[in-house]
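Peer 1: I'd like to ask some things about the structure below.
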Amino acid sequence: MFNLFKKNKNDTPVPEHLPFNTDIHSHILPGIDDGSPNLETSLQLIEGLYNQGIKKTIATPHIIGDLYRNTPQTINTALQQVQQACSQKGLLIEIAAAAEYMIDDYFIELLKKDEPLLTLHKNLLLTEIPFTSTPENLEEIVALIKAKGYKPILAHPERYHYFQQHFDKYFYLKDIGFTLQVNLLSLTGYYGSKAEKAADFIFENNLASLVGTDLHHHKHLEKISAPQNKIIFEALLGNRLLNDLDAAALDIS
Ligand SMILES: [Fe+2]
């Protein structure tokens with residue numbers, strides 16, 4: 400279905416906006432991870448999301464033990480800076496912040512110390528794992544996250560190399576308690592054909608509850624806004640209830 404649709408895309412009208420208005424995954428806060436390097440870029444990226452119909456964006460800077468030890472303080476300081484600049488510019492978009500937690504030793508340490516973690520909404524916690532290797536004790540870690548009162552969301556499951564070879568693992572990830580969040584650009588082949596096929600599988604099997612732009616820089620914005628890609632997003636996501644955080648919190652997919 401997906402490939403047939405692509406062949407017919409030239410006859411299809413281009414939607415004005417993205418098929419959802421809350422973005423729950425992005426790296427648009429300035430200077431605190433591998434996303435936006437400065438305030439000017441942050442404002443351009445946020446304006447770009449706004450122009451694609453996004454009314455609320457939740458920035459999710461990386462927290463990775465050996466790379467970006469962001470804290471609620473570093474994140475909220477950057478958030479306030481951006482919120483102030485957007486309001487001065489008259490940009491009518493709601494900006495909030497959480498984080499994207501790498502499941503590593505540092506994360507386990509934070510969990511065990513009962514450090515309050517930054518959530519997208521209620522107890523929804525955005526997590527990621529390394530691209531090339533899966534933590535051996537993932538099931539145990541998910542159980543710990545849940546025992547601490549959080550509901551884990553796994554960012555971009557379609558991008559992890561191991562799962563791209565074992566699609567049945569997407570059912571397993573759901574079974575152990577993850578809510579799955581696919582990256583919008585995976586649907587276009589931006590991250591390669593393996594990620595695209597995996598994303599298609601996840602959607603065909605109704606395993607994803609959330610999508611995200613995972614916006615880091617201008618190239619991502621350009622691809623998200625490209626007419627041919629917006630046709631793809633609309634075709635795949637147009638009739639789905641996606642990015643309803645209350646539904647995700649209640650585990651409705
Ligand atoms: Fe991300």
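In the numbering used here, each residue's number is its place in the sequence shown (first place is 1) plus 399. The beta carbon of each residue, even a glycine, is placed where N, CA and C say it ideally should be.
In the segment 479 to 534, which residue ranges form an unbroken beta strand (DSSP E) of at least 3 residues, counting only runs that do not cross its ends?
Peer 2: 493 to 496, 499 to 501 and 523 to 527
Peer 1: So what does DSSP say about K406, is it helix, strand or coil?
Peer 2: The residue you call residue 406 lines up with position 7 of the sequence shown. Caution is warranted here: a pLDDT of 40 is assigned to K406, below 50, making its placement in the model unreliable, and no coordinate value can be reported.
Peer 1: Under the assumption that G576 contacts P551 (Cβ atoms under 8 Å), give the Cβ distance between them as a whole number of angstroms.
Peer 2: What you label residue 576 is simply residue 177 of the sequence shown in a count that begins at 1. What you label residue 551 is simply residue 152 of the sequence shown in a count that begins at 1. Between the beta-carbon of G576 and that of P551 there is about 6 Å, and that keeps the pair under the 8 Å contact cut.
Peer 1: Distance, Cα to Cα, H520 vs G611?
Peer 2: Translated into the one-based positions of the sequence shown, residue 520 becomes position 121. Translated into the one-based positions of the sequence shown, residue 611 becomes position 212. Spanning the two alpha carbons is a distance of roughly 15 Å.
Peer 1: Give the DSSP bridge partners of G434, in chain order.
Peer 2: Locating residue 434 in the sequence shown gives position 35, counting from the first residue. Partner(s): none; G434 has no beta bridge.
Peer 1: Is R558 near P418, with beta carbons less than 9 Å apart?
Peer 2: To locate residue 558, count along the sequence shown from 1; it is residue 159. To locate residue 418, count along the sequence shown from 1; it is residue 19. No.
Peer 1: Per DSSP, which one or two residues make a beta bridge with G611?
Peer 2: Counting from one through the sequence shown, the residue named residue 611 turns up at place 212. For G611, which the question treats as bridged, DSSP gives the partners N582.
Peer 1: For ligand 1, which residues have a Cβ under 5 Å from at least one heavy atom, in chain order?
Peer 2: The filter returns E499 and D613, in chain order.
Peer 1: Less than 9 Å separating the beta-carbons of H416 and D613?
Peer 2: As a working mapping, residue 416 is identified with position 17 in the sequence shown. As a working mapping, residue 613 is identified with position 214 in the sequence shown. No, they are not a contact pair.
Peer 1: Over what stretch of residues does the alpha helix (DSSP H) that includes P626 continue unbroken?
Peer 2: Looking up residue 626 in the sequence shown gives position 227. Counting along the chain, the alpha helix (DSSP H) containing P626 begins and ends at P626 to L636.
Peer 1: With a CB to CB cut of under 7 Å and the five nearest residues on each side skipped, what residues in its chain are close to S652?
Peer 2: Along the sequence shown, read from residue 1 onward, the residue named residue 652 stands at position 253. Per-residue confidence for S652 stands at a pLDDT of 42, beneath the threshold of 50, marking its modelled position as unreliable; the derived number appears in the next sentence. In its chain, beyond the 5 residues on either side, N605 and S608 have a beta carbon closer than 7 Å to the beta carbon of S652.
Peer 1: With three or more beta-carbon pairs closer than 8 Å as the criterion, would you say the segment 477 to 495 touches the segment 535 to 551?
Peer 2: no
Peer 1: Figure out for me which residue from Q627, L553 and P471 has the closest Cα to the Cα of T578.
Peer 2: In the sequence shown, the residue the question calls residue 578 occupies position 179. Of the listed residues, the one whose Cα sits closest to T578 is L553.
Peer 1: What are the boundary residues of the alpha helix (DSSP H) that K593 is part of?
Peer 2: Within the sequence shown, the letter at position 194 stands for residue 593. Note, K593: alpha helix (DSSP H), S592 to E603.
Peer 1: Quick one: using the 10 Å Cβ neighbour count with 16 as the cut-off for buried, is V481 buried or exposed?
Peer 2: Locating residue 481 in the sequence shown gives position 82, where the first residue counts as 1. Buried, by the Cβ-count rule.
Peer 1: If you draw a straight line from the C-alpha of L620 to the C-alpha of K593, how long is it?
Peer 2: Along the sequence shown, one-based indexing puts residue 620 at 221. Along the sequence shown, one-based indexing puts residue 593 at 194. One C-alpha to the other measures close to 22 Å.
Peer 1: Where does K454 sit, in a helix, a strand or coil, going by DSSP?
Peer 2: For the purposes of this step, residue 454 is taken as the residue at position 55 of the sequence shown. In the three-state scheme derived from DSSP, where H, G and I count as helix and E and B as strand, K454 is classed as coil.
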